[in-house]
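Residue numbers for the sequence shown, in this note's numbering: 13 to 356.
We treat Cβ as the ideally placed atom computed from N, Cα and C, and that holds for glycine.
Only one structure is covered here, and it is reproduced in the block below.
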Amino acid sequence: MDVLAPLDPADPAFARDPYPYYARLRGQGPAVRVPLANGTHAWLVTGYEETRAVLADPRFSNVPPPDAGRPKADSPARQARACLARHMLNSDAPDHTRLRRLTAAAFTPRRVDALRPRIEELTAGLLADVAERARRDGSVDLVDAFAFPLPVLVIGEVLGVPEADRADLRDWTYRVGSPADALTPGAVDDAWTSLHAYFTELIARKRRAPGPDLFSALTHDATEGGLDDGELLAMAFLLLFAGYETTMNLLASASLLLLTHPEELSAARRDPARWPAVVEETLRHASPLEGTTWRRTTEEVDLGGGAVIPAGASVLAVLAAASRDPRHFPDPDAFRPDRYLAGA
Ligand code: HEM
C-alpha cells in the first residue's frame with residue numbers, strides 16, 4: 013500500500029502484515045499526516061523516541077472531543093456503551109491522575125501476588141481442556157480454548173465475579189469485542205446492556221458486602237476522593253477490556269512465534285530464565301496493541317525531524333511501528349529474545 017493511499021486498518025491484507033507500510037511511513041519522518049479510509053486525516057507517529065515523547069506530553073489529550081463522530085446515546089445499548097466508556101483511558105489530568113492513584117493504591121504488589129495460585133489453577137484447568145480437545149478432535153483452536161478464556165477468568169477473579177456468572181461474563185465480553193458485522197446487531201446490543209446492568213448490580217453488592225477481591229478494595233476506598241458509582245462502572249469495564257484483548261493477543265502471538273522459531277522454544281525449555289526475555293521480545297515484535305488510544309493535540313507541537321503537528325489534530329502513536337524502529341532496535345524484524353537477556 014502506498015503511504016499516501018487512504019489507510020484502512022480493517023483491510024485484511026493490511027492487517028496481516030502492516031510492518032512494510034509502517035517502515036515506508038517512518039522513512040518519510042517520525043510522524044506523518046495520512047488520509048484514512050473514512051475520509052478524515054490523522055498523524056501517525058512511528059518513531060520510537062517520538063512515541064515515548066507523545067505518550068508523556070500533556071499537549072496530546074486523551075479526552076475524545078464531544079463531536080467524535082459517535083452516534084448519539086439514543087438507545088439503551090448506546091447509553092450503556094457511553095457510560096462504560098467514561099474511564100481513565102479517556103481522561104486527562106487532573107481526573108486521570110486521581111483515577112490512576114486510586115487504582116494503583118488498590119492494586120498493591122501483595123494483592124496482585126496473592127492471585128498467583130488461583131491463576132496457576134485456572135491455567136492448568138484450561139490446559140487440561142486443550143489437551144483433551146486435541147486428543148478428541150485432532151486439533152484445537154488455541155485462542156478459543158486458552159488465550160481468550162484465561163484473561164477473562166483472571167479478570168473475573170480481580171473483579172470478584174462469582175463462578176456461576178463467569179460464563180455470562182465470557183459471553184458478553186466475546187460479543188462486545190467482536191467485529192461489528194460478525195454477529196447480529198441484537199446480540200451485540202444485548203451484551204452491552206447486560207454488561208452495564210451486571211456491573212451496576214456487582215458494585216451495589218460490593219458496597220454492601222466487600223469480598224477479598226481487588227475490585228472490592230477499589231469500591232471501599234470510596235471515602236473522600238474515592239471512585240463514585242459511575243467511575244466504578246467504567247473502571248470495571250476498563251479492567252475487563254484493557255486486560256483481556258492485550259493478554260489474549262500476547263498469548264496467541266507468543267505461541268505462534270515459538271512454534272515458528274522452534275530453536276527459541278527449545279532454548280527457553282532448557283533454560284527457564286529465558287522466559288521473561290521471550291515475553292519482552294513478543295511484546296516488541298508482535299505488539300498486542302497496534303496503537304494506543306487516539307490523542308488530540310491541544311496546541312501545535314514540534315516533534316522534531318520536520319514533524320510539526322498542528323493544534324486539534326488526531327494523533328495515533330503506533331506502538332507496533334515504534335517497536336520496530338531500526339534506530340532503537342537493530343535488525344527490528346527478527347524475533348530475537350536474546351536482545352533482552354542480561355548482558356546482551
Ligand atoms: C500484554 C498485556 C497488556 C498490554 C500489552 C497492555 C498495554 C497497554 C497500553 C499500551 C496502555 C496505554 C494505552 C494508551 O494510553 O492509549 C495500557 C493502559 C492500561 N492498561 Fe494495559 N496492557 C496489558 C494488560 C493489562 C491488564 C491485564 C490490565 C488489567 C486487568 C490492564 C489495565 C490497563 C489500564 C487500567 C490502563 C489505563 C492506564 C492509564 O490510563 O493510566 N492492562 N495498557
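Pairwise C-alpha distance: residue j and residue i
{"i": "residue 81", "j": "residue 305", "result": "The predicted model places residue 81 with a pLDDT of 49, which falls under 50 and marks its position as unreliable; any figure quoted below should be read in that light. Approximately 16 Å, taken between the alpha carbons."}
{"i": "residue 50", "j": "residue 257", "result": "24 Å"}
{"i": "residue 18", "j": "residue 221", "result": "53 Å"}
{"i": "residue 8", "j": "residue 102", "result": "A query on residue 8 cannot be resolved here, the shown segment of the chain reaching from 13 to 356 and no further."}
{"i": "residue 58", "j": "residue 175", "result": "43 Å"}
{"i": "residue 268", "j": "residue 340", "result": "25 Å"}
{"i": "residue 117", "j": "residue 245", "result": "18 Å"}
{"i": "residue 318", "j": "residue 125", "result": "46 Å"}
{"i": "residue 309", "j": "residue 323", "result": "5 Å"}
{"i": "residue 280", "j": "residue 286", "result": "5 Å"}
{"i": "residue 106", "j": "residue 251", "result": "20 Å"}
{"i": "residue 104", "j": "residue 242", "result": "17 Å"}
{"i": "residue 277", "j": "residue 96", "result": "40 Å"}
{"i": "residue 16", "j": "residue 24", "result": "18 Å"}
{"i": "residue 139", "j": "residue 346", "result": "29 Å"}
{"i": "residue 111", "j": "residue 173", "result": "22 Å"}
{"i": "residue 178", "j": "residue 166", "result": "10 Å"}
{"i": "residue 109", "j": "residue 76", "result": "17 Å"}
{"i": "residue 64", "j": "residue 35", "result": "18 Å"}
{"i": "residue 48", "j": "residue 27", "result": "15 Å"}
{"i": "residue 302", "j": "residue 154", "result": "21 Å"}
Nearest neighbour of residue i, chosen from the options [CA to CA]
{"i": "residue 332", "options": "32, 20, 25 and 23", "result": "32"}
{"i": "residue 262", "options": "276, 173 and 162", "result": "162"}
{"i": "residue 12", "options": "215, 316 and 291", "result": "Limits of the chain in this structure are 13 at one end and 356 at the other, which puts residue 12 out of reach."}
{"i": "residue 296", "options": "272, 348, 316 and 275", "result": "348"}
{"i": "residue 311", "options": "321, 317, 302 and 303", "result": "321"}
{"i": "residue 169", "options": "197, 95 and 255", "result": "255"}
{"i": "residue 313", "options": "70, 21 and 127", "result": "70"}
{"i": "residue 55", "options": "293, 352, 128 and 44", "result": "44"}
{"i": "residue 182", "options": "109, 210, 302 and 130", "result": "210"}
{"i": "residue 315", "options": "298, 193, 199 and 62", "result": "62"}
{"i": "residue 180", "options": "202, 272, 266 and 137", "result": "202"}
{"i": "residue 120", "options": "227, 294, 343 and 342", "result": "227"}
{"i": "residue 288", "options": "128, 159 and 352", "result": "352"}
In DSSP terms, what residue i is bridged to
{"i": "residue 359", "result": "One cannot answer for residue 359 here, as it falls past the ends of the chain, which runs 13 to 356."}
{"i": "residue 55", "result": "45 and 327"}
{"i": "residue 321", "result": "313"}
{"i": "residue 72", "result": "309"}
{"i": "residue 19", "result": "48"}
Same chain, Cβ closer than 8 Å to residue i, five either side skipped, listed in chain order
{"i": "residue 307", "result": "66, 72, 73, 74, 326, 327, 328 and 329"}
{"i": "residue 78", "result": "none"}
{"i": "residue 87", "result": "201"}
Contacting residues, own chain, Cβ-Cβ under 7 Å from residue i (five flanking each side not counted)
{"i": "residue 195", "result": "187"}
{"i": "residue 152", "result": "142, 145 and 146"}
{"i": "residue 204", "result": "89, 92, 93 and 188"}
{"i": "residue 38", "result": "58, 59, 333 and 337"}
{"i": "residue 131", "result": "166"}
Same chain, Cβ closer than 6 Å to residue i, neighbours up to 5 away in sequence not counted
{"i": "residue 30", "result": "none"}
{"i": "residue 300", "result": "258, 261 and 262"}
{"i": "residue 41", "result": "317, 318 and 319"}
{"i": "residue 207", "result": "184"}
{"i": "residue 225", "result": "172"}
{"i": "residue 354", "result": "none"}
is_contact[residue i, chain B] using C-beta, thresh 9 Å
{"i": "residue 267", "result": "Among the protein chains of the structure shown there is no chain B, as only one such chain exists."}
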